[in-house]
Amino acid sequence: MDHVQQHEKVIVIDFGGQYNQLVARRVRECSVYCEIYSYRTPLEQIRAMQPKGIILTGGPNSVYTPDAAVCSPELFSLGVPVLGLCYGAQLMQHVLGGQVERAPEREYGKTEVILDEPKSALFDGIASPTTCWMSHNDYISRIADGFRVTAHTANCPVAAAEDAARGLYAIQFHPEVLHTEHGFEMIRHFVLDICGCSGDWRMDDFAERTIEELRSRIGDGKVLCALSGGVDSSVAAVLLAKAVGKNLTCVFVDHGLLRKNEGDMVEEVFGPNGPYDLQFVRVNAQERFYKKLAGVTEPERKRKIIGEEFIRVFEDEAKKIGRVDYLVQGTIYPDVVESGLGGESATIKSHHNVGGLPDYVDFKEIVEPLRNLFKDEVRKVGRHLGIPEKLVSRQPFPGPGLGIRIIGEVTAEKVRIVQDADAIFREEMEKAGLDRTASQYYAALTNLRSVGVMGDERTYDYAIALRSVNTVDFMTADVTEIPYTVLKTTMNRIINEVEHVNRVFYDITSKPPATIELE
Ligand code: GLN
Numbered sequence: 028m029d030h031v032q033q034h035e036k037v038i039v040i041d042f043g044g045q046y047n048q049l050v051a052r053r054v055r056e057c058s059v060y061c062e063i064y065s066y067r068t069p070l071e072q073i074r075a076m077q078p079k080g081i082i083l084t085g086g087p088n089s090v091y092t093p094d095a096a097v098c099s100p101e102l103f104s105l106g107v108p109v110l111g112l113c114y115g116a117q118l119m120q121h122v123l124g125g126q127v128e129r130a131p132e133r134e135y136g137k138t139e140v141i142l143d144e145p146k147s148a149l150f151d152g153i154a155s156p157t158t159c160w161m162s163h164n165d166y167i168s169r170i171a172d173g174f175r176v177t178a179h180t181a182n183c184p185v186a187a188a189e190d191a192a193r194g195l196y197a198i199q200f201h202p203e204v205l206h207t208e209h210g211f212e213m214i215r216h217f218v219l220d221i222c223g224c225s226g227d228w229r230m231d232d233f234a235e236r237t238i239e240e241l242r243s244r245i246g247d248g249k250v251l252c253a254l255s256g257g258v259d260s261s262v263a264a265v266l267l268a269k270a271v272g273k274n275l276t277c278v279f280v281d282h283g284l285l286r287k288n289e290g291d292m293v294e295e296v297f298g299p300n301g302p303y304d305l306q307f308v309r310v311n312a313q314e315r316f317y318k319k320l321a322g323v324t325e326p327e328r329k330r331k332i333i334g335e336e337f338i339r340v341f342e343d344e345a346k347k348i349g350r351v352d353y354l355v356q357g358t359i360y361p362d363v364v365e366s367g368l369g370g371e372s373a374t375i376k377s378h379h380n381v382g383g384l385p386d387y388v389d390f391k392e393i394v395e396p397l398r399n400l401f402k403d404e405v406r407k408v409g410r411h412l413g414i415p416e417k418l419v420s421r422q423p424f425p426g427p428g429l430g431i432r433i434i435g436e437v438t439a440e441k442v443r444i445v446q447d448a449d450a451i452f453r454e455e456m457e458k459a460g461l462d463r464t465a466s467q468y469y470a471a472l473t474n475l476r477s478v479g480v481m482g483d484e485r486t487y488d489y490a491i492a493l494r495s496v497n498t499v500d501f502m503t504a505d506v507t508e509i510p511y512t513v514l515k516t517t518m519n520r521i522i523n524e525v526e527h528v529n530r531v532f533y534d535i536t537s538k539p540p541a542t543i544e545l546e
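Spelled out as structure tokens, the structure:
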């Protein structure tokens with residue numbers, strides 16, 4: 028599936044920096060296709076990819092130690108422009124004859140950078156000084172022959188250096204992070220002006236081209252897809268539906284732990300009355316799941332039961348379908364990189380099914396049409412394909428669903444309570460326009476019951492906890508500052524409209540110390 032081969036391409040060489048995926052994203056935001064490779068990738072392989080430009084990322088090593096991550100000196104004489112960022116900049120200097128040492132003064136955080144050569148193509152149009160994000164212990168104490176210093180800071184004599192004739196650029200700060208005020212412009216200057224990319228990477232032709240390729244690859248093979256109602260599997264399914272029509276069977280397991288009306292929404296889009304020509308199987312397995320979950324209170328066990336039961340149900344359905352040639356997975360690029368296949372970042376997510384094939388269904392090959400895309404690109408493709416906005420902009424939702432937003436035992440009644448409360452909270456957030464800025468918000472059902480009075484009658488009912496966070500990467504998160512009036516309206520409606528709730532809490536804990544989901 029090489030729909031990307033005809034695109035001009037920039038390669039990011041990963042030295043283990045924490046922002047490496049961001050570098051690739053920024054390049055793609057310039058409409059230039061970009062892939063991440065480990066620094067261990069042989070030079071021949073890189074040359075064969077005919078990149079228009081190469082970017083070396085930051086990394087935890089110090090170039091002067093014996094076990095440091097290195098690259099071949101020939102990388103700098105391929106005739107392809109190279110941009111080194113932080114560790115990448117230090118490495119470029121080190122390899123080409125400059126010197127890197129432990130800095131007397133390390134720099135961390137926002138730093139004023141003085142641009143010494145406003146005519147540098149990298150800094151074109153950017154006023155000096157400019158705020159940049161620094162994160163280093165080492166510094167370039169002497170630049171390599173042929174280079175000139177193009178920027179410095181109070182503590183760092185070489186904040187940037189270049190040898191424009193050879194197309195080599197080294198910058199000590201991180202242009203890929205948003206804290207670097209004009210970082211995106213610098214990256215754009217590099218890929219468009221210096222590398223000469225035209226910016227031909229468009230999500231629109233991605234969809235059309237991918238559909239064409241899927242069609243020729245699959246022919247009249249039979250394809251099976253597990254739909255979760257999430258963005259990735261929905262977009263993957265639509266691409267496949269457009270490519271092979273009725274040879275695609277989508278199995279949607281309703282485990283009874285979805286948000287209110289979500290199952291019906293998925294059916295509306297993918298079912299027989301929806302716009303796509305495919306085979307749709309909805310398995311209403313609610314009872315089956317509730318039975319398995321009866322009496323179980325421990326979160327890890329609940330997760331396990333839900334996961335296992337899901338596979339069992341899916342397997343039963345796959346058997347009914349008979350022959351399956353291809354299994355669709357909604358793998359996206361961060362899954363690939365984080366599994367250690369693309370870049371260098373340690374195996375952060377070993378649970379992703381990248382490379383390791385599920386063994387519970389017999390099939391010939393796996394199809395992952397989104398494996399080169401970032402999440403926001405997947406959403407763009409989804410919009411281009413006309414998938415309803417509700418599905419395309421769906422918030423992250425845990426695989427075990429409401430099973431883990433109900434603390435303690437899961438019962439059908441508790442599911443109903445949390446679904447109704449959650450729907451009200453979401454409506455009120457939308458009315459207040461907070462849905463556009465909050466990253467994830469929902470209602471959870473605590474296992475706490477307490478005494479209340481309603482209509483002069485004593486109650487002994489549940490407490491709902493509301494959670495809403497703002498975050499960019501979901502690694503850390505801040506609580507959303509919801510205006511009091513919105514919280515009060517939500518509380519009022521939940522108490523009035525949802526039976527068996529007599530208290531509403533708002534969880535104001537950030538992550539860390541807490542996490543985003545409650546259980
Ligand atoms: N480890 C190198 C230093 O401390 C590079 C750091 C980085 O790339 N962020 O200077």
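Residue numbering for the sequence shown follows the numbering used here, beginning at 28 and increasing consecutively.
Just so you know, even glycine gets a beta-carbon here, dropped at the ideal spot from N, CA and C.
Checklist entry - Is the distance from the Cβ of Ser466 to the Cβ of Arg530 below 8 Å? => result no
Checklist entry - Near Glu336, which residues of its chain fall below 8 Å by C-beta distance, leaving aside the five closest residues on each side in sequence? => result If you ignore the 5 residues before and after Glu336, its C-beta comes within less than 8 Å of the C-beta of His282, Ala312, Arg315, Phe316 and Lys319, all in its own chain and listed in chain order.
Item to check | Pick from Ser104, Arg229, Cys113 and Val258 that is closest to Ala191, judged by C-alpha positions | outcome: Ser104
Checklist entry - Which residue from Phe501, Ile491 and Thr507 puts its Cα closest to that of Val525? => result Ranked by Cα distance from Val525, the first of Phe501, Ile491 and Thr507 is Ile491.
Checklist entry - Does the count of Cβ pairs from the stretch 116-128 and the stretch 218-236 closer than 8 Å reach three? => result Contact fails: fewer than three Cβ-Cβ distances are below 8 Å.
Checklist entry - Residues in its own chain within less than 8 Å of Thr464 by CB, not counting five upstream and five downstream? => result Asn497 and Thr507
Checklist entry - Just checking my contact of Arg129 with Asp94 at CB under 8 Å: how many whole Å lie between their CB atoms? => result With 8 Å as the limit, Arg129 and Asp94 do not qualify as a contact, their Cβ atoms being about 16 Å apart.
Next on the checklist: Just to confirm before moving on: does the CB-CB distance between Leu284 and Tyr196 stay below 8 Å?
Outcome noted: Cβ distance not < 8 Å, so Leu284 and Tyr196 don't count as in contact.
Checklist entry - Below 8 Å between beta carbons: does that hold for Glu546 and Ile434? => result Yes, these two residues count as a Cβ contact at 8 Å.
Next on the checklist: Quick check on Pro540: does DSSP put it in helix, strand or coil?
Outcome noted: coil
Next on the checklist: Could you check if Gly86 belongs to the surroundings of ligand 1, using beta carbon to heavy atom distance under 7 Å?
Outcome noted: Flag set: Cβ of Gly86 near ligand 1.
Checklist entry - In the DSSP assignment, what are the bridge partners of Ala197? => result Gly111 and Ala188
Item to check | Cut-off 7 Å between Cβ atoms - residues of its own chain near Leu514, not counting five sequence neighbours on either side | outcome: Tyr533
Next on the checklist: Short of 8 Å in beta carbon distance, which residues of its chain neighbour Asn380, apart from the five on each side in sequence? Order them along the chain.
Outcome noted: Since pLDDT at Asn380 reaches only 42, below the 50 mark, its modelled position is unreliable, and the value read off the structure follows with that caveat. Only Gln356 and Thr358 meet the Cβ criterion.
Item to check | Bridge partners - Glu365, DSSP secondary structure assignment | outcome: Under DSSP, no beta-bridge partner is assigned to Glu365.
Item to check | Straight-line Cα distance separating Pro396 from Thr237 | outcome: The straight-line gap from Cα to Cα measures roughly 7 Å.
Checklist entry - What is the DSSP secondary structure of Pro131, reduced to helix, strand or coil? => result strand
Next on the checklist: When you measure from the CB of Asn497 to every non-hydrogen atom of ligand 1, does any distance come out below 7 Å?
Outcome noted: For ligand 1, not one heavy atom lies less than 7 Å from the Cβ of Asn497.
Checklist entry - What residue ranges within the stretch 55-108 form continuous beta strand (DSSP E) runs of no fewer than 3 residues, ordered along the chain? => result 60-65 and 80-83
Checklist entry - Okay, do the stretch 139-149 and the stretch 173-185 touch, 3+ Cβ pairs below 8 Å being the bar? => result The stretch 139-149 and the stretch 173-185 touch, with no fewer than 3 CB-CB distances between them shorter than 8 Å.
Checklist entry - Based on the DSSP secondary-structure assignment, which residues constitute the bridge partners of Ile38? => result Glu62 and Ile81
Item to check | Cutoff 7 Å; reference Asp247; Cβ partners in own chain excluding five residues on either side | outcome: Asn274
Checklist entry - Any chance the CB of Cys113 is under 7 Å from a heavy atom of ligand 1? => result yes
Checklist entry - Relative to ligand 1, is the shortest distance from any of its heavy atoms to the C-beta of Asp94 smaller than 7 Å? => result Flag unset: Cβ of Asp94 not near ligand 1.
Item to check | Nearest candidate by alpha-carbon position, reference Cys222, set Glu203, Lys249, Gly194 and Gln199 | outcome: Comparing Cα positions, the closest option is Gly194.
Item to check | Contact test: Gln126 Cβ vs ligand 1 heavy atom, cutoff 7 Å | outcome: no
Next on the checklist: Tell me whether Ser168, by its Cβ, gets closer than 7 Å to a heavy atom of ligand 1.
Outcome noted: no
Checklist entry - Less than 8 Å separating the beta-carbons of Gln120 and Pro361? => result No. Outside cutoff.
Item to check | Own chain, CB closer than 6 Å to Lys36, minus 5 neighbours either side, in chain order | outcome: Tyr60 and Pro78
Checklist entry - How big is the Cα-Cα spacing for Glu294 and Ser255? => result 11 Å
Next on the checklist: Taking 7 Å as the cut-off, is the C-beta of Gly322 nearer than that to any heavy atom in ligand 1?
Outcome noted: no
Next on the checklist: Applying the 10 Å Cβ sphere with the 16-neighbour rule, what's the burial state of Ser495?
Outcome noted: buried
Checklist entry - Who are the Cβ neighbours of Gln126 in its own chain at under 6 Å, not counting the five residues just before and after it? => result Ser168 and Arg169
Item to check | Distance between beta carbons of Ile38 and Tyr64, contact taken as under 8 Å | outcome: 6 Å
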